[in-house]
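I have placed the structure first, in the form of structure tokens, so that the comments after it can refer back to it.
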Amino acid sequence: MRKIGFCINSKIELINIVENGVEFFLKSICKVNSDTLYWFMVGFHEILVNAYLHGNKKKEKLLIDIAVSFYPDKLKASVTDRGSGFNFKDIPDPTKPENILKPSGRGILFAKNACDEVFLKKEEGKFTVTIVKKLKEVENA
Amino acid sequence: MLEISERRVGDVIILDLKGKITIGEGDKLLREKVTELLEKGERKIILNMARVSYLDSSGTGEVVSLLMKVKKAGGELKLLSLSQKIKDIFQIAQLLSIFDYYVDEEEAVNSFSSNE
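So the sequences go chain by chain: A and B. Quick note: to get our numbering, add 748 to the position in the first sequence (first position is 1). Residue 36 in our numbering sits at position 54 of the second sequence, and the numbers go up by one each step.
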């Protein structure tokens, strides 16, 4: 297993730096194939932005913890914000006709579709979203 | 980072987009550009997405907002050259059906005149 981690203030420029670092780590060091990497990064970007926008509500002083792990059979990322969290059932379905033209509300939908699993964990004063993307056997042959 | 180049074919404006349409950068830039075109009286706009490498949920929402904004102004916004991955992103959000999108630029340009 290989792992990389960050702790950043809630700032979009720092999110971009983290994304570039994670992409380099998975592509150049872990040799994840480009298609798997693309979709994992779609999910990773969305849960990071979710932590920044909805968890920490763009309050720069609030921290976001990030951990990304490469396993022989999967990629995993956990993003922890200081917000009160959410439940899947409370998020309006953005594909329903009444929501389809709304400008926001698609982030978790993208993360769910780009990855194989999305987990939520609420703890005292913090909330974690974890995504998992399975690796195909051929990638590690 | 998103780069936008503008060109005109007849009375149609084509915006050639290059890079990412994501929160905080690309989405804002694209909104400003299309708003500027509407203010100048342009009503036929094509977003050429051939060189768009990534579109996040904010960027997707922005493109939807622009579609509505142009429609409200009495114009039309169409998409050109969606890569398979960008098409997949729109498909996840079930948005492909609300856009007019084309593979061929000439066909996209002519589609405006055929509506008149």
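All C-beta atoms, glycine included, are put in the ideal place defined by N, C-alpha and C. Note that the structure is predicted; figures quoted are calculated from it, not measured.
{"Asked": "Residues within the stretch 775 to 803 of chain A neighbouring chain B, beta-carbon criterion of under 7 Å", "Found": "Y786, H793, E794, V797"}
{"Asked": "Classification of M749 (chain A) by the beta-carbon crowding that lies within 10 angstroms, buried from 16 upward", "Found": "exposed"}
{"Asked": "Where T784 (chain A) falls: helix, strand or coil (DSSP)", "Found": "helix"}
{"Asked": "Where the beta strand (DSSP E) through S63 (chain B) begins and ends", "Found": "Looking at the DSSP string, S63 (chain B) is not in any beta strand (DSSP E), and its letter there is neither H nor E."}
{"Asked": "Candidates A:H802, A:F788, A:N847, of which the one nearest K874 (chain A) by Cα", "Found": "A:H802"}
{"Asked": "Cross-chain neighbours of Q76 (chain B) in chain A, by beta carbon under 8 Å", "Found": "T843, I848"}
{"Asked": "Assigned secondary structure, I80 (chain B) (DSSP; H/G/I helix, E/B strand, else coil)", "Found": "helix"}
{"Asked": "K53 (chain B) in three-state terms, based on DSSP", "Found": "helix"}
{"Asked": "Given K884 (chain A) as reference, the closest of A:F754, A:S832, A:K822, A:K844 once Cα atoms are compared", "Found": "A:K822"}
{"Asked": "Ranges of the alpha helix (DSSP H) found wholly within the stretch 803 to 889 of chain A, counting only runs of at least 4", "Found": "855 to 862"}
{"Asked": "The stretch 834 to 846 of chain A in contact with the stretch 807 to 826 of chain A per 3-pair CB rule at 8 Å", "Found": "no"}
{"Asked": "Per-residue contacts from I5 (chain B) into chain A (C-beta, under 9 Å)", "Found": "I760, I763, H793, V797, Y800, L801"}
{"Asked": "The stretch 861 to 880 of chain A / the stretch 786 to 799 of chain A touching (three or more Cβ pairs under 8 Å)", "Found": "yes"}
{"Asked": "Cβ pair count under 8 Å reaching 3, the stretch 42 to 62 of chain B against the stretch 805 to 819 of chain A", "Found": "no"}
{"Asked": "Spatial distance of I856 (chain A) from F867 (chain A) (CA atoms)", "Found": "11 Å"}
{"Asked": "Interface partners of F834 (chain A) on chain B, CB under 8 Å", "Found": "Correct list: empty, because the minimum Cβ distance to chain B is about 15 Å."}
{"Asked": "Per-residue contacts from L857 (chain A) into chain B (C-beta, under 8 Å)", "Found": "S39, I74, A75"}
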